[in-house]
Amino acid sequence: MSEIEMPVALITGATSGIGLAVARLLGSQGHRVFLGARTEEDVIATVKQLCSEDLTVDGAPVDIRSGDAVREFVQAAVDRFGSVDVLVNNAGRSGGGVTADIADELWEDIIETNLTGVFRVTREVLNTGGMRVKSRGRIINIASTAGKQGVVLGAPYSASKHGVVGFTKALGNELAPSGITVNAVCPGYVETPMASRVRQRYAAAYGTSEAAVLEKFQTKIPLGRYSTPEEVAGLVGYLASDTAASITSQALNVCGGLGNF
Ligand SMILES: NC(=O)c1ccc[n+]([C@@H]2O[C@H](COP(=O)([O-])OP(=O)(O)OC[C@H]3O[C@@H](n4cnc5c(N)ncnc54)[C@H](OP(=O)(O)O)[C@@H]3O)[C@@H](O)[C@H]2O)c1
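Position one of the sequence shown corresponds to residue 1 (the working numbering), numbered consecutively onward.
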């Protein structure tokens, strides 16, 4: 396949954890990958690393909480590689606490990042990214099993991810006749830098150690362990493929059995 025929994948939050594994997999499946995150040095280092693995990758810094930044980011992807065939909305943040003590700023930042950011990047990719006029497209939102069940001390996170699942189902139905599929991937516990930060937060809230929290979480997972970023990326890679053309408006778990719904 010549480079110009390779489909273009745009991935947010691809400098770490799940997003990085998705960038590597979609790149190895023959996509030209354009990636973003807020920290410019990490974007530069990630692009360099993935290019050294013989993948076709470029990127730019973006904060998905800013409409102007998102517009510039999607325009940069189009200028570099052309219109967008696959969007992976992966960037997100954790956070919560005792709900009665949650400040407006924390609530708003979690919703802004995890839910409004997904809407904003999606709208921009449909318009500036040119997906809206295509006969085939893929939008894959990284939600969470917390988007299907309540997580104690995680009300804003759970609310934001339930929102992403609702957004996915509505947009999937809306775009179904166009050949663009829209799905959510719902990881359970996945070993990433975010997972470690989450354990530290629970350890502080429960007055225990991070190791004790890890043990407690692992006991809840039927498989007995965290999933890997690569296992999550595997489902994203499948949903991006032609074979997945009839899967739309779904929220699919990768969670070692943690959520069976
Ligand atoms: N790990 C888990 O157990 C787990 C479980 C369920 C769902 N998830 C979801 O999976 C996704 C990825 O999580 P992860 O564990 O891989 O997290 P991670 O290791 O913390 O990586 C998050 C990525 O998102 C970027 N990011 C954060 N805020 C951003 C913003 N406002 N604009 C643009 N980029 C931003 C980060 O880079 P910068 O900080 O430089 O911006 C980083 O590249 C998230 O949506 C998360 O909610 C994770």
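Glycine is no exception: its CB is placed at the ideal position from the N, C-alpha and C atoms.
Residues 11, 14, 23, 59 of the same chain have their beta carbon placed closer than 6 Å to that of residue 35, with the five preceding and five following residues left out of the count.
Using a Cβ-Cβ distance cut-off of 8 Å, the stretch 220-236 and the stretch 177-195 are in contact, since at least three pairs of beta carbons, one from each stretch, lie closer than that value. The stretch 213-221 makes no contact with the stretch 158-169: fewer than 3 CB pairs, one atom from each, lie closer than 8 Å.
In this structure, residue 90 has its CB closer than 6 Å to one or more heavy atoms of ligand 1. Secondary structure note for residue 18: its alpha helix (DSSP H) is the uninterrupted segment 17-28. For residue 224, same chain residues with a beta-carbon under 8 Å away, outside a window of 5 residues either side, are 218, 256 in chain order. When secondary structure is reduced to three states using DSSP, residue 171 falls in the helix class. Boundaries for residue 177: no beta strand (DSSP E) harbours it, and the DSSP string shows neither H nor E there. Check the Cα spacing between residue 83 and each of 37, 124, 16: the tightest is with 124. Between the stretch 105-113 and the stretch 42-58 there are fewer than three inter-stretch CB-CB distances shorter than 8 Å, so the stretches are not counted as touching. Straight-line spacing of the CA atoms in residue 97 and residue 221 works out to 22 Å. Distances from the alpha-carbon of residue 93 to those of 6, 248, 106 put 106 closest.
In this structure, residue 140 has its beta carbon at no less than 6 Å from each heavy atom of ligand 1.
When secondary structure is reduced to three states using DSSP, residue 135 falls in the coil class, being assigned neither helix nor strand.
In the structure shown, the three-state DSSP call for residue 232 is helix.
Contact between residue 129 and residue 77 holds: CB atoms are separated by about 7 Å, below the 8 Å threshold. Counting along the chain, the unbroken beta strand (DSSP E) around residue 57 starts and ends at 57-61.
The beta carbon of residue 199 sits no closer than 6 Å to any heavy atom of ligand 1.
Counting only runs of 3+ residues, the beta strand (DSSP E) found wholly inside the stretch 178-228 occupies 180-187, in chain order. Within its own chain, the residues whose Cβ lies closer than 7 Å to the Cβ of residue 28, once the five positions on either side in sequence are excluded, are 55, listed in chain order. Rounded to whole angstroms, the Cβ separation of residue 66 and residue 193 is 23 Å, and the two are not in contact under 8 Å.
Measuring C-alpha to C-alpha distances from residue 254 to each of 134, 235, 245 identifies 235 as the nearest. With contacts defined by Cβ atoms closer than 7 Å, residue 70 and residue 120 form a contacting pair.
In this chain, residue 129 is not harboured by any beta strand (DSSP E), its DSSP state being neither H nor E. Counting the other Cβ atoms within 10 Å of the Cβ of residue 242 gives fewer than 16, which makes it exposed.
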